[in-house]
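Colleague: Everything in the sequence shown is counted per our numbering, starting at 687 for the first residue and increasing by one.
Quick reminder that beta carbons are idealized off the backbone N, C-alpha and C, glycines included.
It should be emphasised that the depicted structure is a prediction, and the values quoted were computed from it without experimental measurement.
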Amino acid sequence: MEEKQHTSEVGLLFGEWLVNNGYLTHRRLCEALSDQHENGGRLGEVLLRLKMLDDDMITYALAEYLGLEYVQLDAFADIDLNVAKVIPEKIAKRFCLVALSEADDGQVVVAMADPLNIIAIDTVTLKIKCKIKVVVSSVRGIRSAIESVYHGSHVAEQRLRELVELELDTEEETSYENAALETDISTDEEAATQAPVIRFVNLLLSQAVRKKASDVHIEPQEKSLSVRMRVDGILRETVAPPHKLHSAVITRIKILSGMNIAERRLPQDGRLKIKAPGRDIDVRVSSLPTIYGEKMVMRILDKRAISHELDNLGFEAEFLSEFKRVLSQPYGIIVVTGPTGSGKTTTLYSALNYLKDESKNITTVENPVEYRLKGINQVQIKPSIGLDFASSLRTILRQDPDIIMIGEIRDKETVEIAIQASLTGHLVLSTFHTNDAAGAISRLVYMGIEPYLLVSSLNLVVAQRLVRRLCNNCKEVTMLDEQLLMQLKIDPHQAERATFYKARGCKVCDNTGYLGRLPIFELLSLDDTIREAITSGVSEIRLRAMSRESGGGSLLDSGAQRIMEGITAADEVLKATYSGVNEL
687 MEEKQHTSEV
697 GLLFGEWLVN
707 NGYLTHRRLC
717 EALSDQHENG
727 GRLGEVLLRL
737 KMLDDDMITY
747 ALAEYLGLEY
757 VQLDAFADID
767 LNVAKVIPEK
777 IAKRFCLVAL
787 SEADDGQVVV
797 AMADPLNIIA
807 IDTVTLKIKC
817 KIKVVVSSVR
827 GIRSAIESVY
837 HGSHVAEQRL
847 RELVELELDT
857 EEETSYENAA
867 LETDISTDEE
877 AATQAPVIRF
887 VNLLLSQAVR
897 KKASDVHIEP
907 QEKSLSVRMR
917 VDGILRETVA
927 PPHKLHSAVI
937 TRIKILSGMN
947 IAERRLPQDG
957 RLKIKAPGRD
967 IDVRVSSLPT
977 IYGEKMVMRI
987 LDKRAISHEL
997 DNLGFEAEFL
1007 SEFKRVLSQP
1017 YGIIVVTGPT
1027 GSGKTTTLYS
1037 ALNYLKDESK
1047 NITTVENPVE
1057 YRLKGINQVQ
1067 IKPSIGLDFA
1077 SSLRTILRQD
1087 PDIIMIGEIR
1097 DKETVEIAIQ
1107 ASLTGHLVLS
1117 TFHTNDAAGA
1127 ISRLVYMGIE
1137 PYLLVSSLNL
1147 VVAQRLVRRL
1157 CNNCKEVTML
1167 DEQLLMQLKI
1177 DPHQAERATF
1187 YKARGCKVCD
1197 NTGYLGRLPI
1207 FELLSLDDTI
1217 REAITSGVSE
1227 IRLRAMSRES
1237 GGGSLLDSGA
1247 QRIMEGITAA
1257 DEVLKATYSG
1267 VNEL
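1) Quick check: the Cα distance between Val1224 and Ala1231, rounded to an integer number of angstroms?
2) Can the beta-carbon of Tyr1040 be found less than 8 Å from the beta-carbon of Leu1013?
3) Between the C-alpha atoms of Leu867 and Ser933, what's the straight-line distance to the nearest angstrom?
4) Whole beta strand (DSSP E) runs in the stretch 987-1032 with 3 or more residues, listed along the chain?
5) How about Val820 and Ile807: do their beta carbons lie closer than 8 Å?
6) Does DSSP put Pro975 in a helix, a strand or coil?
7) Can you tell me whether DSSP reads Asn1158 as helix, strand or coil?
8) In its own chain, which residues sit with a C-beta less than 6 Å from the C-beta of Glu1258, not counting the 5 before and 5 after it?
9) Roughly how many whole angstroms lie between the Cα atoms of Ser830 and Tyr756?
10) From Arg826 to Asp741, what distance separates their C-alpha atoms?
11) Quick check for students: name the residue ranges of the alpha helix (DSSP H) that lie wholly in the stretch 1131-1201, counting only runs of 4 or more.
12) Helix, strand or coil for Met945, going by three-state DSSP, please let me know.
13) Have a look at Ile977 and Glu908 and give me their C-alpha separation to the nearest angstrom.
14) Could you give the distance in angstroms between the alpha-carbon of Leu1229 and the alpha-carbon of Gly1024?
15) Quick one: grab the DSSP three-state call for Lys959.
16) Whose C-beta lies closer than 6 Å to the C-beta of Leu1260 among residues of the same chain, with five residues either side of it excluded?
17) What separation, rounded to the nearest whole angstrom, lies between the Cα atoms of Ser720 and Gly726?
18) My output table needs one value for Val1267: the three-state DSSP class, helix, strand or coil.
19) Please say whether Leu1139 and Ile1105 have beta carbons closer to each other than 8 Å?
20) Relative to the C-alpha of Met1165, which candidate in Ile832, Phe1118 and Ala1256 has its C-alpha closest?
21) Please confirm whether Glu1208 has its beta-carbon closer than 8 Å to some beta-carbon of chain D.
22) Does DSSP put Val810 in a helix, in a strand, or in coil?
23) Just tell me which of Ser1077, Tyr1057, Leu1059 and Thr1050 has its CA closest to the CA of Val1065.
24) Val969 and Leu987 look like a contact to me (Cβ under 8 Å); what is the Cβ gap, rounded to whole Å?
25) With a threshold of 7 Å on Cβ separation, who are the neighbours of Met738 within its own chain once the five nearest residues in sequence on each side are excluded?
26) Answer with buried or exposed for His1112, where buried requires no fewer than 16 other C-beta atoms within 10 angstroms of its C-beta.
27) Going along the chain, which residues of its own chain have a beta-carbon closer than 6 Å to the beta-carbon of Gly1245, five neighbours each way excluded?
28) Within its chain, find whatever has a CB closer than 6 Å to the CB of Ser1128; leave out the 5 residues flanking it on each side and keep chain order.
29) Would Ala1123 and Leu1209 qualify as a contact pair, given that the criterion is a beta-carbon distance under 8 Å?
30) Under 8 Å between the Cβ atoms of Arg1299 and Arg990?
31) For the stretch 887-956, list the beta strand (DSSP E) runs that are entirely contained and at least 3 residues long, ordered along the chain.
32) Name the one or two DSSP bridge partners that Ile1048 has.
33) Compare the beta carbon distance of Glu1056 and Thr1031 with 8 Å and say whether it is the shorter of the two.
34) Compare the C-alpha of Ile1089 against each of Val784, Ala962, Ala899 and Ser1045 and name the closest.
35) For Ala797, list the residues DSSP reports as bridge partners.
36) Among Ile1249, Tyr751 and Ser1077, whose alpha-carbon lies nearest the alpha-carbon of Ile1067?
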């Protein structure tokens, strides 16, 4: 009873301070106090519940009212993990607090959402046997920091390191050439079911998910083992087990993915599922025999890490509008082109998601099927039994389709069937491998497709690349010299009004300076002028110029726009777009 009365008194004083400092009107404070009287809770919780103030604003105001320091943990990269872990996770979650660092006077700096909670302060002080200095932060920021401190990717990496160190001992000097043929399979199968190997594989997959890695590579060398993860398109070394555990780790992954553990001389493919909070994640597994044993690559297919919403892909507004316009047409071909790993499949999946409707029959032919899409018929080709793109497409055309997605155009026969499908009233989407949009036209003509057939069926070519997104926590303002501006084709007058950034690196982004990726695009929409030019056999260079004149832009233009928006860096765009064709 006394505590409730004290809370009300503190709330009233804080509320009056909020009114006096312009955070609330007196009428809204009375509404909040009335709600507090009826439903209980601290005034800050009531204001948040009634949506009168947001979490950060309440926390900042509380810190100002109490004369305490406010820390925005969303951008706080310097949490000392050794200090933070002195407080048990259970206590941190119970009282919504996290230790940040040790101050110069020996006190431990602790961020709290409720700095008036004497019980929490006493509990932490007794637990760490040290005085604490309280700073204030939002509930959301503290919960995010708790997750990072106790369950972040660096924690998984440390656990891997500890596990590996436990298993390390002196390895015998021996020749490892043809090691895969000399290993006892029964011994490996037994080792694969032992706790250290199971824990290592589980932790490796857990770390990959937390780091948002797209692939995990396990590569045997002559006397060592390399484990690398591809994060934001770049391979990074991570903790590897000793070489002696290589066969056991590979066998464990084979068991999980339904592969033949006895077969080590031929490549194999498999698939497994791993549990993550609130979802299952598919993992596509591929093994390849090398001279030092089997190499294993696991592709992490996490739907939550990739958006399949067309509006969230990163198209410029005018490009998005044009893409949707072409998608709304009932027939024709749309091609997305770019190198492997440029996000083509994600763009097509997003387009299918946008087009998905219970009134439409949508079928895809893929190799392999990467993501399972609800409400869409997906076909996995199997060349070993004669189920290739061409034969699948012929059958699909007898299945009354409205929209067809072809995973990749690989040969003339596939293109011809796609053209036939589009001319008979179907919308066809596919991918291609060329440097830019104009290059796709030239390649199709070179494959033997008659220009008149091409212009009567092709509606749009989208070229794309992925560039790394700058970490907002540590990116630094920089200047671009005149030569670099010329390379990027940025007008000097535009440059004067823009702010440019470069990567630095911090704990938030694993010292890379980048966090996530975004696409850059080029569109070649086939209007009457472009169609006539293709039919008359204009050169690829002229076609590229015509596309840019009509507003299709170039990959370099799209990248330069992202640089001027402060989203990515100049070197990222140049690396992604550097090609002779883009400089013409």
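Modeller: Put simply:
1) Your numbering for residue 1224 matches position 538 in the sequence shown. Your numbering for residue 1231 matches position 545 in the sequence shown. Distance between Val1224 and Ala1231, taken at the CA atoms: about 11 Å.
2) As a position in the sequence shown, residue 1040 is number 354, starting the count at 1. As a position in the sequence shown, residue 1013 is number 327, starting the count at 1. For Tyr1040 and Leu1013, yes; Cβs fall inside 8 Å.
3) The residue labelled residue 867 in the question sits at position 181 within the sequence shown. The residue labelled residue 933 in the question sits at position 247 within the sequence shown. In this predicted model, Leu867 has a pLDDT of only 37, less than 50, meaning its place in the structure is not dependable enough to derive any value.
4) The qualifying runs are 1018-1023.
5) The count along the sequence shown starts at 1 and reaches residue 820 at position 134. The count along the sequence shown starts at 1 and reaches residue 807 at position 121. Yes.
6) For the purposes of this step, residue 975 is taken as the residue at position 289 of the sequence shown. DSSP places Pro975 in strand when its eight states are reduced to three.
7) Here residue 1158 refers to the residue found at position 472 of the sequence shown. Looking at Asn1158 - three-state DSSP - the assignment turns out to be coil, as it is neither helix nor strand.
8) As a first step, residue 1258 is located in the sequence shown; it is residue number 572 there, counting from the start. Closer than 6 Å at the Cβ level, and outside the excluded window around Glu1258, lie Val1153 and Arg1154.
9) Here residue 830 refers to the residue found at position 144 of the sequence shown. Here residue 756 refers to the residue found at position 70 of the sequence shown. In this structure, the alpha-carbon of Ser830 lies about 16 Å from that of Tyr756.
10) The residue given as residue 826 occupies position 140 in the sequence shown. The residue given as residue 741 occupies position 55 in the sequence shown. So the two alpha carbons sit approximately 8 Å from each other.
11) 1137-1143, 1168-1174 and 1178-1183
12) Residue numbering aside, residue 945 sits at position 259 when the sequence shown is read from its first letter. Looking at Met945 - three-state DSSP - the assignment turns out to be coil, as it is neither helix nor strand.
13) Against the sequence shown, residue 977 aligns to sequence position 291. Against the sequence shown, residue 908 aligns to sequence position 222. Distance between the alpha carbons of Ile977 and Glu908 is about 9 Å.
14) For the purposes of this step, residue 1229 is taken as residue 543 along the sequence shown, with counting starting at 1. For the purposes of this step, residue 1024 is taken as residue 338 along the sequence shown, with counting starting at 1. In a straight line, the C-alpha of Leu1229 is about 18 Å away from that of Gly1024.
15) Along the sequence shown, one-based indexing puts residue 959 at 273. Looking at Lys959 - three-state DSSP - the assignment turns out to be strand.
16) For this step, residue 1260 is matched to residue 574 along the sequence shown. Shown here for Leu1260: not one same chain residue has a beta carbon closer than 6 Å to its own, the five before and five after excluded.
17) On the sequence shown, position 34 is the one that residue 720 refers to. On the sequence shown, position 40 is the one that residue 726 refers to. The alpha-carbon atoms of Ser720 and Gly726 are separated by roughly 10 Å.
18) As a position in the sequence shown, residue 1267 is number 581, starting the count at 1. Reliability fails at Val1267, whose pLDDT of 43 lies under 50, so the model's placement of it is uncertain and the value that follows must be treated cautiously. Reduced to three states, the DSSP call for Val1267 is helix.
19) On the sequence shown, position 419 is the one that residue 1105 refers to. On the sequence shown, position 453 is the one that residue 1139 refers to. Cβ atoms of Ile1105 and Leu1139: closer than 8 Å.
20) Within the sequence shown, the letter at position 479 stands for residue 1165. Of the candidates Ile832, Phe1118 and Ala1256, the one whose C-alpha sits nearest the C-alpha of Met1165 is Ala1256.
21) Absent here is chain D; the protein component of the structure consists of one chain.
22) As a first step, residue 810 is located in the sequence shown; it is residue number 124 there, counting from the start. Reduced to three states, the DSSP call for Val810 is helix.
23) Numbered from 1 along the sequence shown, position 379 holds the residue referred to as residue 1065. Of the listed residues, the one whose Cα sits closest to Val1065 is Thr1050.
24) By 1-based counting over the sequence shown, the position of residue 969 is 283. By 1-based counting over the sequence shown, the position of residue 987 is 301. At roughly 7 Å, the Cβ-Cβ gap stays under 8 Å, so Val969 and Leu987 are in contact.
25) Here residue 738 is taken as the residue at index 52 of the sequence shown, counted from 1. The residues are Leu710, Arg714 and Ala718.
26) Counting from 1 along the sequence shown, the entry for residue 1112 is found at position 426. Counting Cβ neighbours within 10 Å, His1112 comes out buried, since at least 16 surround it.
27) Against the sequence shown, residue 1245 aligns to sequence position 559. Here the set comprises Ile1206, Val1259 and Thr1263.
28) Translated into positions along the sequence shown, residue 1128 becomes position 442. In its chain, beyond the 5 residues on either side, Glu1226 have a beta carbon closer than 6 Å to the beta carbon of Ser1128.
29) Position 437 of the sequence shown, counting from 1, holds the residue named residue 1123. Position 523 of the sequence shown, counting from 1, holds the residue named residue 1209. Yes, the pair counts as a contact, with Cβ atoms nearer than the cut-off.
30) An answer regarding residue 1299 cannot be provided, because it is not within the stretch 687 to 1270 covered by the chain.
31) 901-906, 911-917 and 920-924
32) Translated into positions along the sequence shown, residue 1048 becomes position 362. Paired residue(s): Ile1089.
33) Along the sequence shown, read from residue 1 onward, the residue named residue 1056 stands at position 370. Along the sequence shown, read from residue 1 onward, the residue named residue 1031 stands at position 345. Contact flag set, yes.
34) Numbered from its first residue, the sequence shown carries residue 1089 at position 403. Nearest C-alpha to Ile1089: Ser1045.
35) Here residue 797 refers to the residue found at position 111 of the sequence shown. According to DSSP, which records beta bridges pairwise, Ala797 is partnered with Val784 and Val821.
36) Against the sequence shown, residue 1067 aligns to sequence position 381. The shortest Cα separation from Ile1067 among Ile1249, Tyr751 and Ser1077 belongs to Ser1077.
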